[in-house]
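Residue numbers (our numbering): 1 to 266.
Shown next as structure tokens:
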């Protein structure tokens, strides 16, 4: 089912990308947690009043009364949407289309490994890498929240929130992997795997500004991730999470099927 040699190779080859993304995430997360104090919240309120539409576009309209609500406002509207998405786009394209584009896929297929084993290994590596990225992010949030504001963070709510975040990016990474396995070249793969998720995010940002644009949110995958409902543990959040899981599972399954059946012209 899995090629451990290939998995190990990808682990070292992707370490630089992983380190850069997690480094930026850690820096931003610690900064946001540190801002959870009366002086900074007053400044943020004034900033929101000065640029209400811009702040609303990134979901930064309500500071919240608790640390988990504060983090939800200032982390989950922009940073934790964009950086894991960039990670998925770059890694998904590297794992399949990158090898096809530079001709290395011919050497992989020439080894005593089936196409299914190769693509399954790459898919599993992408999922595990994404899970590890968000797991480290969660750990950083818990550790620094407890250091700076002991017992202020609702850890159960945070774990559920980040579980939902993982399922969102699981679905997005599945789509990126599908494009990497099914398109004709690297440029086309990047055009679809980056263009569509980014377009959906921009539509979501426009819908957050309210007015006649608020209905646009329902045409994007991001509407299935509702941080407020996850924090409150409303029953409706479960069908949203289930839908995200099914989307991701479908995309990965189709990606594997396309790769196994396609003519690679190597």
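Just so it is clear, CB atoms sit at the ideal spot from N, CA and C, and this is done for glycine as well.
- For the 9 Å CB-CB criterion, residue 174 and residue 248 form a contact.
- The C-beta distance from residue 186 to residue 101 rounds to 4 Å, short enough to meet the 8 Å contact threshold.
- Straight through space, the alpha carbons of residue 205 and residue 16 are spaced by roughly 30 Å.
- Take residue 20, set aside five residues on each side of it, and no residue of its chain has a beta-carbon closer than 8 Å to its own.
- Per the Cβ contact rule, the stretch 79-97 is in contact with the stretch 21-31 (3 or more Cβ pairs under 8 Å).
- By the criterion of a C-beta distance shorter than 6 Å, residue 138 is surrounded in its chain by 162, once the five residues flanking it on both sides are discounted.
- In terms of Cβ geometry, residue 68 and residue 153 form a close pair [threshold 9 Å].
- In the DSSP assignment, residue 197 falls within the alpha helix (DSSP H) that extends over 186-208.
- Comparing C-alpha distances from residue 37 to each of 149, 201 and 200 shows the shortest one belongs to 149.
- Going by DSSP, residue 35 is part of no alpha helix (DSSP H) at all; its letter is neither H nor E.
- Shown here, residue 153 sits in coil according to DSSP, grouped into three states, outside any helix or strand.
- Pairing residue 122 with residue 65, the inter-Cα distance amounts to about 43 Å.
- In the DSSP assignment, residue 138 falls within the alpha helix (DSSP H) that extends over 115-148.
- Beyond the five residues adjoining it in sequence on each side, residue 75 comes within less than 7 Å, by CB distance, of 29 and 32 in the same chain, given in chain order.
- Taking the CA atoms as reference points, residue 251 sits about 16 Å from residue 91.
- Residue 169 counts as buried, since no fewer than 16 other beta carbons sit within 10 angstroms of its beta carbon.
- For residue 232, the three-state secondary structure derived from DSSP is helix.
- For the 9 Å CB-CB criterion, residue 224 and residue 240 form a contact.
- The straight-line gap separating the alpha-carbon atoms of residue 259 and residue 144 is approximately 43 Å.
- Residue 94 counts as buried, since no fewer than 16 other beta carbons sit within 10 angstroms of its beta carbon.
- In the three-state reduction of the DSSP assignment, residue 67 falls in the helix class, which pools H, G and I.
- Annotation for residue 219: no alpha helix (DSSP H) segment contains it, and DSSP assigns it neither H nor E.
- If you ignore the 5 residues before and after residue 140, its C-beta comes within less than 6 Å of the C-beta of 26 and 29, all in its own chain and listed in chain order.
- With distances taken between CA atoms, residue 119 lies nearest to 1 out of 242, 1, 243 and 245.
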